[in-house]
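What follows is a single structure, written as structure tokens, with notes after it.
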Amino acid sequence: MWKFSLMALFLFSTSHILQAQKINSSYQLHIKKASSQVLIDGAIDEKAWDDAEIATDFFMITPMDTSFAKVRTDVRMTYDDENLYLLVENFHAVEGPYMVESLRRDFSFGKNDNFLLFMDPFDDQTNGFSFGANAAGAQWDGIMYNGGSVDLSWDNKWRSKVTNYDDKWVFEAAIPFKSIRYKKGITEWGINFSRLDLKTTEKSGWAPVPRQFPSASLAYTGSLIWDEAPPQTGANISVIPYALGGFRTDVAGDGETEYRREVGLDAKIGLTSSLNLDLTVNPDFSQVEVDRQVTNLDRFELFFPERRQFFLENGDLFASFGYETIRPFFSRRIGLNAPIQFGARLSGKINKDWRIGAMNMQTGEVKEDALPAQNFTVLSVQRQVGARSNITGMFINKQSLNYNPDPDAEQPVYSQFNRNAGLEYNLASSNNLWTGKAMFMKSFAPTQLGDGFVHAANLKYSSGNLTWNWEHQYVSKSYTAEVGYVPRNGFYKINPEASYLFFPKSEKILNHGPKVGVRYFFNTDGEKTDNTTFLAYNIKWRSQSTFQAWVSTDYVLLQRPFDPTNYSGDTLARGTEHQWYATGAEFTSKPQSIFTYAFTTRLGGYYADGKRYNVTADIGYRFQPYVSIALSANYNSIHLPEPWYNTNFWLVGPRVDVTMTNTLFFTAFVQYNEQIENINLNTRFQWRFKPASDLFLVYTENYLPAPFYTKNRSLVLKFTYWWNV
């Protein structure tokens, strides 16, 4: 099987190597040095803008991709020795106010009138940067990877201003060359511009993009042609110190209060214009928003994404290796049970074909848990092949330092080391119709018995109407990834899926069509352990509302005891078989409305011939652009034989976002999780007093649901300052 998958990916890749010519290479915007000083004020009154070439005549992406856009957008770009400048005129097509959620940074794309810049400074159609704003002036910035994905957790230093006029809104920005990475001497960048206008429900792009792909797809960028090579940034060193004070009180425990007085430092050193060294000493992530809780009825560990800024730039070199449930490296494992003392990360481009990532992190000893100091090393090397494909090699090492556990002591015993090494081939055809990957990974540990081997591959085809994907996986029983996310091992998986979209000539419906998929799991003896077969039908209206109805059948042969409520402690026996049918529906309202709502339902069978009913609802109301109110609620009702009987779980989460300006934010939300018997209150005040420099005040409290006794509370005041040396 693995030989077939590797051969198929190779054949599809080599068939596109000769198509190295970029699809939209004829779309060119010429940029020349500014003929005057540029003031970031959202006004078009400088000579530099009069002299700049204009990118206009955008193409419609949705609802249809066969004509020019009805909404007019004009883009100008220029530069000086320090900054890349952008000015955009977003003209109104119909009368009425703009549509935005709030002034919150990194807004939801589909819920805001917005303009976005997608930039590929290496012109490799794989990696880049995105900057933009909504019509109220909220900023958007992210790092791009995998040819069209944007990680909005990335944050950097730049300035912008939005000014609203009767017939348009104008977005003006200054992006320091020191904030981005680009190849020395290159005079042609990949670039595209995206505009979303919710009043007309039109998404458009300067260089045309087929409707089945996101406007961020780097395979469809045009070209930014420089009059001379972009200026070298010289010494590019940023120092970002922080200082914080606060306390944490364990009310339900010993009642003691632990006071915090800490300082730390991050540094960014641009070794070249495309290679960056990040350093951190005593990092703190107390301002990072807590994870959104879920009701866990799964047999395996849940995944929560990385949000810590230090791990994010060029994060795809480390975190994208593997599949959704086969991640040999998962950065949230670092610092999970022990404080990070210091770390270093080298990442970026060596030249057009080679990228490198190297990370080393050191955590401290935790004596009360007998946890030794540990060192984490990750190495990643990526070589581009063909038009947009690449091969990546990865090595991961987790090492316990000076660790000699006493086998007679009643203490936990940790591994001396755990290592992973492997290769991955990523396929992306020049037109993005064919994508896929094939990975091979092996683990090494002192107590490992067996080969510790992993293989997985998929091949996906996406046209305007038809999409299909083949995926298979194998994870041996002995495979271990202590710094990864691999919730399940000892299995084979086969997972084909297909969908088809019809685009009717309708004034109301944009597209509709079926989707079908089958997922099989087998243990290493070839015995079927899981099967899910589903059929769904999707409808998308031109207003951007969506609806899906589905039916499925499930089969599970338990490989270990399992509590179907993840709450009671009573378990179903290993080796028992369970089969059921279920049906459900999902609906999301149009994002243009001030009042928005969505719901999902599920009803049908469950383990032990039981029944499970689920309803999830999300509602939102905004007083644009300053206040956004949201409420999410999830209800599960599980009906089982004894000893479980009937179990009901509520998960409720009201949230309020107040954005007084685009630099002053307040967020408060509550999460009531009946399954874990906890109420979590989190409030965060943020003042961005200078670009990328902040003052945070974060208060967190956890309660028992009844009679509302406080379990613990904490308060942190944190100051960060971004200083360019």
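Residue numbers (my numbering): 59 to 783.
Positions of the beta carbon are idealized from the N, C-alpha and C atoms, including for glycine.
All of these numbers come straight from a predicted model, not from anything done at the bench.
Requested in this report: Note down the Cα distance separating S601 from K648, rounded to an integer number of angstroms.
Outcome: For S601 and K648, the distance between alpha carbons rounds to 6 angstroms.
Query raised in the report: Is it buried or exposed for P266, if we count other Cβ within 10 angstroms and need 16 for buried?
Result: The residue is buried, with at least 16 neighbouring Cβ atoms inside 10 Å.
**Report entry** Alpha-carbon spacing of S536 relative to T353, whole angstroms
**Finding:** Distance from the CA of S536 to the CA of T353, rounded to the nearest whole angstrom, comes to 30 angstroms.
Report task. Give the C-beta separation of I283 and H88 to the nearest angstrom, bearing in mind that I take them to be a contact with Cβ-Cβ under 8 angstroms. Result -> Correct: roughly 5 angstroms between the Cβ atoms.
Requested in this report: Whole angstroms is fine: what's the gap from T184's alpha carbon to K495's?
Outcome: Near 15 angstroms, if we compare the C-alpha coordinates of K495 and T184.
Query raised in the report: Which two residues bound the contiguous alpha helix (DSSP H) that contains W264?
Result: Segment: none, W264 is in no alpha helix (DSSP H) and carries neither H nor E.
Query raised in the report: Buried or exposed: F368, going by 16 or more other Cβ atoms within 10 Å of its Cβ?
Result: Under a 10 Å Cβ-count criterion, F368 is classified as buried, with 16 or more other Cβ atoms of the shown protein chains found around its own Cβ.
Query raised in the report: For the putative contact between L276 and G205, defined by C-beta atoms under 8 angstroms, what is the C-beta separation to the nearest angstrom?
Result: Between L276 and G205 the beta-carbon gap is near 5 angstroms, inside 8 angstroms, which marks them as a contact.
Query raised in the report: In angstroms, rounded to a whole number, what distance separates the CA positions of L174 and E140?
Result: Going from the Cα of L174 to the Cα of E140 covers about 21 angstroms.
Query raised in the report: Unbroken beta strand (DSSP E) runs of length 3 or more, entirely within the segment 696-745: which are they?
Result: Every beta strand (DSSP E) of 3 residues or more that sits fully in the segment 696-745 is shown, in chain order, as 704-719, 722-731.
Requested in this report: Below 8 angstroms on the Cβ atoms is my guess for S501 versus N516; work out the distance and round it to an integer in Å.
Outcome: With a Cβ gap of about 22 angstroms, S501 and N516 do not count as contacting.
Requested in this report: Could you have a look at K226 and say whether DSSP puts it in helix, strand or coil?
Outcome: K226 falls in the strand class under three-state DSSP.
**Report entry** First through last residue of the alpha helix (DSSP H) which encompasses K105
**Finding:** First-last of the alpha helix (DSSP H) with K105: 105-109.
Query raised in the report: Whose C-alpha, out of I687, P699, L722, is nearest the C-alpha of D715?
Result: The residue with the shortest Cα to Cα distance from D715 is I687.
**Report entry** Same chain only: Cβ atoms within 7 angstroms of Q826, ignoring 5 sequence neighbours per side
**Finding:** Nothing can be reported for residue 826: it is not among the residues displayed for the chain, which extend from 59 to 783.
Query raised in the report: By Cβ distance below 6 angstroms, which residues in the same chain neighbour S63 in space, the five residues on each side in sequence not counted?
Result: For S63, the pLDDT reaches just 49, beneath the cut-off of 50, and the residue's location in the model is therefore unreliable, leaving the point undetermined.
Report task. Quick one: which unbroken beta strand (DSSP E) runs of 3-plus residues sit fully inside the segment 537-602? Chain order, please. Result -> Segments of the beta strand (DSSP E) lying fully in the segment 537-602: 549-558, 567-581, 586-599.
Query raised in the report: What three-state label does DSSP hand D356 in the structure shown?
Result: DSSP places D356 in coil when its eight states are reduced to three.
Report task. Determine, using beta carbons only, whether D178 and M157 come nearer to each other than 9 angstroms. Result -> It is not a contact, given that the beta carbons lie outside the stated cut-off.
Requested in this report: Please confirm whether F653 and V673 have their CB atoms less than 9 angstroms apart.
Outcome: No, these two residues do not count as a Cβ contact at 9 angstroms.
Query raised in the report: So what's S389 in DSSP terms, helix, strand or just coil?
Result: Looking at S389 - three-state DSSP - the assignment turns out to be helix.
Query raised in the report: Under 9 angstroms between the Cβ atoms of G663 and Y639?
Result: Closer than 9 angstroms, so yes.
Query raised in the report: Which term fits E382, buried or exposed, when burial requires 16 or more other beta carbons within 10 angstroms of its beta carbon?
Result: Around the Cβ of E382, a 10 Å sphere holds fewer than 16 other Cβ atoms; the residue is exposed.
Query raised in the report: What is the residue span of the alpha helix (DSSP H) that F271 lies within?
Result: F271 -> no alpha helix (DSSP H), and no H or E assigned at all.
Query raised in the report: Between N170 and the ligand COA, is the CB less than 8 angstroms from at least one heavy atom?
Result: As far as ligands go, the structure on display features none, and thus does not contain the ligand COA.
Query - Cβ-Cβ distance between I414 and L375 below 9 angstroms - result: A contact, by the Cβ cut-off of 9 angstroms.
Query raised in the report: Buried or exposed: T315, going by 16 or more other Cβ atoms within 10 Å of its Cβ?
Result: The residue in question, T315, is exposed, as its Cβ has fewer than 16 Cβ neighbours within 10 Å.
Query - Buried/exposed call for M499, threshold 16 Cβ in 10 Å - result: By the neighbour-count rule (16 or more Cβ atoms within 10 Å), M499 is buried.
Query raised in the report: Just reading off the beta strand (DSSP E) that A479 is part of, what are its end residues?
Result: From DSSP, the beta strand (DSSP E) with A479 extends over 475-486.
Report task. Could you tell me whether the Cβ atoms of D794 and F149 are closer together than 9 angstroms? Result -> Past the boundaries of the shown model lies residue 794; the chain is included only from 59 to 783, so the question cannot be answered.
Query - Assigned secondary structure, I75 (DSSP; H/G/I helix, E/B strand, else coil) - result: The predicted model places I75 with a pLDDT of 43, which falls under 50 and marks its position as unreliable; any figure quoted below should be read in that light. Helix, per DSSP.
Query raised in the report: Taking the alpha helix (DSSP H) that D178 falls in, what are its first and last residues?
Result: DSSP places D178 outside any alpha helix (DSSP H); the residue lies instead in the beta strand (DSSP E), whose first and last residues are 172-178.
Requested in this report: Identify which residue in R253, N294, S751 has its Cα closest to the Cα of Y300.
Outcome: The option with the nearest alpha carbon to Y300 is S751.
Query raised in the report: Can you list, in chain order, the residues of its chain whose CB lies under 6 angstroms from that of Y767, leaving out five sequence neighbours each side?
Result: The answer is none, since no qualifying residue turns up.
Query - alpha helix (DSSP H) segment containing D374, residue limits - result: Counting along the chain, the alpha helix (DSSP H) containing D374 begins and ends at 374-377.
Query raised in the report: Tell me which same chain residues have a C-beta within less than 6 angstroms of the C-beta of A764, skipping the five on either side of it?
Result: Here the set comprises nothing.
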